[in-house]
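Chemist: Chains as they are written, first to last, in our numbering: chain A, 1 to 337; chain B, 338 to 599; chain C, 600 to 840; chain D, 841 to 1148; chain E, 1149 to 1538. Let me give you the structure first, and then I'll get to my questions.
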Amino acid sequence: MTDTTQTERTEARASVLSSALAALPRPALLLAVLIVLLCALVIAFGPVRALQATVNGFVAGSYTGLGAIGLTLVLGVLKLVNFAHGDLLVTGAYFTILFAWLGLPLPLAMLTAMLATAALALATEKIIWQPLRLAKAGSLQLFLSAIGLGLVLRFTVQFFAGSQVRTLGANVVTSIAIGPLRLGTLQALALVVGISAMVIVGLVLRFTSIGKEMRAFADNRALAEVSGIDTQHIINVTWIASGFLAALSGILYATAIGSFNPNFGITLLLSLFAATVLGGIGNPYGALVGGLVIGLSQEWSTLLFNARWKPAVGFALLILMLMFMPQGIFGRAKRRS
Amino acid sequence: MSADAILEVADAVKDFDGLRAVDGASFHVERGSITALIGPNGAGKTTMFDLLSGFARLNTGTIRFAGRSIGGMAPHRIARLGLVRTFQLTRVLAGMSVMDNMLLAAPSQPGEHLPSLILGPRRARAAEARSRADAQALLETFGLRDKARDYAGALSGGQRKLLEIARALMTQPSLVLLDEPMAGVNPTLGRAILDHIAALREQRGTTFLFVEHDMDVVMSRADRVIVMAQGRVISAGTPAQVRADPAVVEAYLGSASPETTA
Amino acid sequence: MSGQVLTVAGLVAGYVPQVDILNGVAITVAKDEIVTVVGPNGAGKSTLLKALVGLVTPKSGRIALEDKDIAGLAPSTIVRQGLGYVPQRENVFETMPVEENLEIGLKPRRDLPLRLRLEAMYALFPRLRERRRQMAGSLSGGERQMLAMARALMPQPKVLLLDEPTAGLAPRFVDLMFEQVATINRSGVTILMVEQNATRALAMSHRGYVLDLGRNAYEGEGPALARDPKVADLYLGGLHG
Amino acid sequence: MSIDFWINVGVLAGIYGIFTLGLQLNAGFTGLLNFGQAGFMAIGAYTVGILVVDRGWSLWLALPAGIVLAVLAGLFVGIASLRLRSDHFAIATIAFAEIVRYTLQNAAFSGGNQGVLGFDAEWRAVSDWMLPWLATIGLGAYTQLPLFIVVWLAFVALLLMMKGLQATPWGRVLRGIREDEDATAALGKDVFAYKLQSLALAAALAAVAGFFVALNVTYLYPTVFDPTFTFFGYALLVLGGFASYGGVALGSVLFWTLLEGTRLIETSLSAGQQASLRFIIVGVFLLLISRLRPQGLLGNVNEMRVRP
Amino acid sequence: QGAGAEPLDLKIGALLESTGPLSELGPPAEKAINLSATVANKAAKDAGVEAKVTIVSADSQGDPQAALSATRTLVDKGASCIMGPSTTPESISVLNGITMQRKITLWPLASSTRLRTVKDDGTIYRPVPADDLQSKALVKAIENHVGKGKAVAIIFRNEPYGDALSKSFTTDWQAEGGTISSTISFDPQQESFDSEAGQAVDTNPDAYVVIDYPETYAKLGAALVRTGKFDAKKVFVADALSFAKVPDNIPPEALEGAYGVAGGSPTGTDAFKAFNKLWDEAGGVANASYTANSFDAAILCFLSAVEAGSTEPGAIRDKIRSVTKDGAPQFTIETLADAVKTAATGKEIDYVGVSGAFRFKDNGDPSSSLYDVFQYQGGKQVKIEQVNVK
Ligand SMILES: Nc1ncnc2c1ncn2[C@@H]1O[C@H](COP(=O)(O)OP(=O)(O)OP(=O)(O)O)[C@@H](O)[C@H]1O
Ligand SMILES: Nc1ncnc2c1ncn2[C@@H]1O[C@H](COP(=O)(O)OP(=O)(O)OP(=O)(O)O)[C@@H](O)[C@H]1O
Ligand SMILES: [Mg+2]
Ligand SMILES: [Mg+2]
């Protein structure tokens, strides 16, 4: 008896708190928390160090976030844990090398590489994913195929290009000075492209007809089909977009980081997934915000701990955030009955 | 409140981001009765079931079941107390056979706990045999005998509903909440099931609270009827009383009162 | 055969290769008819509708929509030829707001003005207008059913397949739904409907079929079929009143 | 190629098999996407290493201690994150495993970057005791054979145990949770407690696998326990078949035969290209197998189809 | 014994990180070992000695477990010595698992002192100096070019190599009265290192010690330059960043003017130049760190086999000290044919490698205490001085 009333009382208290918090939309809440943290860091470490770490966090976050947009699309729309997504990034970067080597000027080589990667992504749909879908393969089965595809992509690249480190030759040492703060020129580019890509994809999903169809497909395939949506078209578009975005981020990554080998995709993959899930699967804003949160937490942590703990701190924060925002940043609760 | 109430709800309130789905509802259910909960679509009936079964948390108000306050209790604990529900949008365990769906619901299977499983495998097997017989009988009643070995995910819409009800009864509950048990069920089979429910009430004293839109069923089978509209209880009483209540006619029955359909 | 909007003959279909759920079903629906299919749970009624709309691929048999063979076509193609379908389960896009659900419904007919169609649907089901911004997944059972119906009506289909349209609806909406079905029918939409609320459905239908074990069991004029004592006893829960 | 080589493949198959039994219990039978299995393995293995080397414990005492610690870690992770949605749980467990790995790499108690060495003397004694005995049947030359035997004895025993457990009402509750945890809770099952048990048991299995990894490589080093281990585990799980313990054994043997057997392909390519080709072939095989048998070798195709 | 009895068909196993997290190390190591076979075969032919070297290679994947499998395939293919692997964990598992039992010499490029704590039965020979010597050379170099007792920032890649070397450097530097202004270790899997770079320059040290691989230094170096407060002339790199020519993925600004140390005092020798010429002529991947060491190790194995007149691993192992004999006639890569001729007669020789002279201690570590201090000038390694450490 007593313990029931006890739970009820704590229940009540918890609900007052949580309803106060729930009144704020979660992204706003998150923003508030981040700003408070930033202020604390500014007080503790001075504005220059704290703000520089913040700038660095944005850069790291934009690499991850941009890479995650294509991933979140495929995961959200096609329910496919694309373990090969990192390797699509790699393919994009190496296609650029290939086309530049064939004589195209670099910008043109990059554009061609993005188109080629999009075409490749579409080809994987025809060769691999479509048959599996028809066989009603479950998500873990798709995961296995994605592992296989990832191996094929990565090592095909390595077969032809070798595993030694490559560069696209961009100047990675110039930086923009904002007062005492420094931001690499190409890093700034990555940041801008990352945010633009997110906004564009977000707007397309939200407002355009194809975007709505994609969301409908993501929600319920059979119903989308009987609502007259050409589902195969949706799938194709999703792959093309995902391949294009993957190549875009792979190329940007290769350019801004300056050196890479065929492993960079697989190394990046875990953070891509983390950003995707944290932000809410299928949500491009979520992917970028998720990436930024991870980036910020890692870079901020270097103010407090030795940088060797940076990845661990990032992961620890990820767990904490998931515990406090069980729906993710942009996710929604589902009705249980 | 009535001394013989198995369930008492007082001033229950439930909000969903700005929308008040249950708005201070109070009612009680008498032990051993068959009570119908009716009301227009969106009245908050399913939400009320969610609150009763622990799937949603009350904002304010109290719920007492068999003398205990169960507001805020976890669903499994409420179920173990003997209050079991079915879902309006059916939730069968798709990747398990129909029989396994039933056996899972069997009450007090010692084999479900590792220590007793390891210490007394015999008892687990005996309980299993008993449950299997019970399940078989229920499936027979619910027209699912031939489907026992099929995956529940391969059932038709109505069959899912039937399995859901049978599974709830399998737990040998003292109070069953049925959310639109007859929707989608073939009327002939539906009658047999209603007969079975009536028999269970007679034999075991099981209490039933069910949401139903089929007024023939409500009027002919329920001892008491509770009417909800816009999150509140607007009327409660015998079928005849409720049917005569102008508020009910206005809010719910409309032209569809049984007189006009029969 | 002319005049038949929908012709199904010798239809055999199932979900897995080894098991046939439909064993040679034959039905016809003439233009402007309301035809109701009733039968026990698991008889294959939903499967029949799924086969018509292309979600289940027939193994053999003929399905024709106005003399065009549509067996084996993709659902989206079939739907664009003027077939509307309301599934029995999972019939709304749960993660999308009500209004977007309706918007998606209009896909097969890009020529119709969205605004007008939305207004028409909201006029039909005012409850949906109130809930237009709510996620469909959090609707109540009855609201959901209304949305499912409205979504299918958006593109003004020639033929409407309804799988238990009144399940879960409050009596007043059951009436409304049946009225709507009649109205829609009068406006030139042919209707094939599966109902467990069989007595009433048959009463308003031109013709009816009883399906059992994947086969035609009985057929006849709607009200007459409902009055047939054998049918009533075996399938309709006995005669009321 | 030589028997030694294949014995090694067998050892790996056995180790990954034990490891994946836990994943199968979690993912295949409870619906828990545990991607932190490598973390539990690391905890088990490092506990043994540290207790033996730093504390002077006997290996035989340290082994159960390793299991206990892994189970405690499983309970801890479970309590912290089992209430999360499945995709969040997957990411949270990966994060946990990575935290474990980085801690082991950066902390002092675990030898940090220099790892732990010299915990296996007692095992070597056993192995050396077995070798002459093996020599009597003409197998004395294979120094890895004792490990192979022990690994597979353990694997088969654990596999039978898990299979047996799964066939009980206890296992049925787990499957209920896999299908729909709310519906299972509505029937009175304490979903959380069962998930915890599932996770803790998987952690114990991971610890056992970790012991054998340690004995096989004779050295404890953090990157051995990186997430790739878990990904491989899932790969062979799916290869063998979802929700099938027999599939784990078959999948593991097939996977490792494939992965290591491709080393034997001889070409005139450069070493780098040869190595790439090997993984291309592995990748193509994985794609082919999942295309030809999407339910996995021993998976149930009907069960796969009824899932929404 | 020795000469002419039977033609020698020597198989040298190359345990390469062809795939996996360290796969950038694979191609240069592979090329170095292949070059050694070409050079050795030519020398044998010129010397008229019937000996042939073939390279058999396997992929260690940078992983102790995979390294075991890879080594087994090398053994099956008849390898008598094994070149590589690059990391301590791989080396230990391969040593304990295989090479020790079979008495096959293992030539790991790992420089961690941890390897010394393993009982290796005399099968380990390291063609690279262990960390404790190198750290002393770094101390000397900094003292010579920056001064004693100054503040040094250490930046290292968080791996056994960086970890161990940074520790011994810290001890050695502090023993000489110097201070460490900051020690920054970074995880190689990260994409950006701007915070790490910022921390390093923020302490405004007199010198930086950078213990890193080229692949990560390309990123870290760029980040250092981006801070705008970085002076590459203050940098002292450890041997993993020692190359004849700065690779083109490393921004020039990150290394121009930087100092470094190279064990065995190789830079500037004729052999070193000859090797680099050979490398460039062969085409393919650019030269990298440790290629000379891999090359030398393979040549040593070959010479030992010639000396032993056998490809039996145990026999080769016993002859390694006879081909690196102090006081015996010295030969280099340019006079390799003569070395083969002499060795074939069973006489002791002293092969002075591209990476310097070899003196192996009992534990198989090089005992050479000579180090070159070099500086990168115009993207090229230029020898500045030689230091002797004890
Ligand atoms: N999670 C939620 N978020 C927002 N609104 C909700 C949520 N759950 C329920 N509602 C709303 O609360 C109201 C009550 O819903 P409930 O399902 O209880 O109705 P009901 O009486 O069972 O109706 P029906 O007879 O149609 O099933 C509905 O208007 C519904 O849209
Ligand atoms: N996805 C499926 N896989 C395999 N079998 C199925 C599947 N769906 C339905 N079935 C089987 O097909 C038969 C007919 O199902 P169907 O849904 O057509 O019945 P129904 O007549 O619509 O019944 P209800 O009135 O209960 O909705 C049933 O026996 C059912 O078990
Ligand atoms: Mg309801
Ligand atoms: Mg049906």
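For each residue, glycine too, the CB sits at the ideal point set by N, CA and C. Fair warning: this is a prediction, and the values are worked out from it, not measured in the lab.
Assign Asp1335 (chain E) to buried or exposed, taking buried as 16 or more other Cβ atoms, counted over all protein chains shown, within 10 Å of its Cβ.
Modeler: Its Cβ being crowded by 16 or more others within 10 Å, Asp1335 (chain E) is buried.
Chemist: Any Cβ of chain D within less than 9 Å of the Cβ of Ala431 (chain B)?
Modeler: yes
Chemist: Going along the segment 693-711 of chain C in order, which residues come within less than 7 Å of chain A, judged by CB to CB distance?
Modeler: Taking 7 Å as the Cβ-Cβ cut-off against chain A, the residues of the segment 693-711 of chain C that qualify are Glu693, Thr694, Met695, Glu699, Glu702, Ile703, Gly704, Lys706, Pro707.
Chemist: When the cut-off is 9 Å and only beta carbons count, does Glu742 (chain C) lie next to chain B?
Modeler: yes
Chemist: So does the segment 1210-1219 of chain E actually touch the segment 1470-1482 of chain E, counting three or more Cβ pairs closer than 8 Å?
Modeler: Contact fails: fewer than three Cβ-Cβ distances are below 8 Å.
Chemist: Please name the residues in the segment 210-226 of chain A whose beta-carbon is closer than 8 Å to at least one beta-carbon of chain C, in chain order.
Modeler: Lys212, Glu213, Arg215, Ala216, Ala218, Asp219, Asn220, Ala222, Leu223, Ala224, Glu225, Val226
Chemist: Is Lys630 (chain C) near ligand 3, with its Cβ less than 8 Å from a heavy atom?
Modeler: Every heavy atom of ligand 3 is 8 Å or more from the Cβ of Lys630 (chain C), so no.
Chemist: Can you name, in chain order, every residue of its own chain whose Cβ lies under 7 Å from the Cβ of Gln496 (chain B), other than the five neighbours on each side?
Modeler: Leu481, Lys484
Chemist: Consider the Cβ of Ala593 (chain B): report whether some Cβ of chain C lies at a distance smaller than 9 Å.
Modeler: Because Ala593 (chain B) carries a pLDDT of 44, less than 50, the predicted location of this residue cannot be relied on, and no value is offered for it.
Chemist: Listing by chain order, which chain E residues have their CB less than 7 Å from the CB of Asp844 (chain D)?
Modeler: Arg1220
Chemist: Does DSSP put Asp1311 (chain E) in a helix, in a strand, or in coil?
Modeler: helix
Chemist: Have a look at Leu1257 (chain E) and Trp1096 (chain D) and give me their C-alpha separation to the nearest angstrom.
Modeler: 28 Å
Chemist: When you compare each of D:Gly1073, D:Trp897, D:Glu938 to Leu861 (chain D) by their alpha carbons, which one comes out closest?
Modeler: For Leu861 (chain D), the nearest C-alpha among the options comes from D:Gly1073.
Chemist: Does Gly228 (chain A) get closer than 9 Å to chain C when you measure Cβ to Cβ?
Modeler: yes
Chemist: Return yes when at least one heavy atom of ligand 5 lies under 8 Å from the C-beta of Glu763 (chain C), else no.
Modeler: Summarising the ligand content, the structure contains ligand 1, ligand 2, ligand 3 and ligand 4 and does not contain ligand 5.
Chemist: Regarding Ser196 (chain A) and ligand 1, is the C-beta to nearest heavy atom distance less than 8 Å?
Modeler: Taking 8 Å as the cut-off, the C-beta of Ser196 (chain A) does not count as close to any heavy atom of ligand 1.
Chemist: Who are the neighbours of Asn1142 (chain D) on chain E, taking C-beta pairs under 7 Å?
Modeler: Under the 7 Å cutoff, chain E gives no residues; its nearest Cβ is about 37 Å from Asn1142 (chain D).
Chemist: Ala1188 (chain E) and Phe1450 (chain E) - do their beta-carbons sit closer together than 9 Å?
Modeler: Yes, they are a contact pair.
Chemist: Which same chain residues, not among the five before or five after Lys310 (chain A), have their C-beta less than 8 Å away from its C-beta?
Modeler: Gln298, Glu299, Ser301, Thr302
Chemist: Count the other C-beta atoms from every protein chain shown that fall within 10 angstroms of the C-beta of Thr156 (chain A), then say buried if there are 16 or more, exposed otherwise.
Modeler: buried
Chemist: What does Gly61 (chain A) reach in chain D if we use C-beta pairs closer than 7 Å?
Modeler: Neighbours of Gly61 (chain A) on chain D: none; closest Cβ ~17 Å, over 7 Å.
Chemist: With a threshold of 16 other CB atoms inside 10 Å of the CB of Cys1229 (chain E), please say whether the residue is buried or exposed.
Modeler: buried
Chemist: Chain B partners of Ala766 (chain C), CB-CB under 7 Å?
Modeler: Ala520, Gly521, listed in chain order.
Chemist: Consult DSSP for Lys1159 (chain E) and reduce its assignment to one of helix, strand or coil.
Modeler: Strand at Lys1159 (chain E).
Chemist: Is Met507 (chain B) near Leu475 (chain B), with beta carbons less than 9 Å apart?
Modeler: yes
Chemist: Give the residues of chain D in contact with Leu270 (chain A), contact being defined as C-beta atoms less than 8 Å apart.
Modeler: Within chain D, the residues placing a beta-carbon under 8 Å from that of Leu270 (chain A) are Ile934, Glu938, Pro1067, ordered along the chain.
Chemist: Can you name the residues of chain D whose CB is closer than 9 Å to the CB of Phe402 (chain B)?
Modeler: Result: empty, since nearest Cβ-Cβ is about 14 Å, beyond 9 Å.
Chemist: Where are the alpha helix (DSSP H) runs, 4 residues long or more, that stay fully inside the segment 177-263 of chain A, in chain order?
Modeler: 185-207, 209-219, 221-226, 231-257
Chemist: Looking only at C-alpha atoms, which of D:Phe880, D:Leu852, D:Ile847 sits nearest to Leu863 (chain D)?
Modeler: D:Phe880
Chemist: Just to check my reading of the structure: Val77 (chain A) and Gly250 (chain A) have Cβ atoms closer than 8 Å, yes? What is that Cβ distance to the nearest angstrom?
Modeler: 21 Å between Cβ atoms; not a contact.
Chemist: Which bits of chain D does Phe392 (chain B) rub up against, with CB to CB less than 9 Å?
Modeler: Asp1022, Ala1025, Ala1026
Chemist: Under a Cβ-count criterion, where at least 16 other Cβ atoms within 10 Å of its own Cβ denotes burial, should Pro1362 (chain E) be classed as buried or exposed?
Modeler: buried
Chemist: Are Ser1217 (chain E) and Leu1164 (chain E) close, meaning C-beta to C-beta below 9 Å?
Modeler: no
Chemist: Determine, for Ala347 (chain B), whether the minimum Cβ-Cβ distance to residues of chain D falls below 9 Å.
Modeler: For Ala347 (chain B), not one C-beta of chain D is nearer than 9 Å to its own C-beta.
Chemist: Of the choices A:Ile35, A:Pro326, A:Ala93, whose alpha-carbon is the least far from that of Ala246 (chain A)?
Modeler: Considering only alpha carbons, the answer is A:Ala93.
Chemist: Return helix, strand or coil for Gly365 (chain A), following the three-state DSSP convention.
Modeler: Outside the shown range of chain A, which is 1 to 337, sits residue 365 (chain A), and nothing can be said about it.
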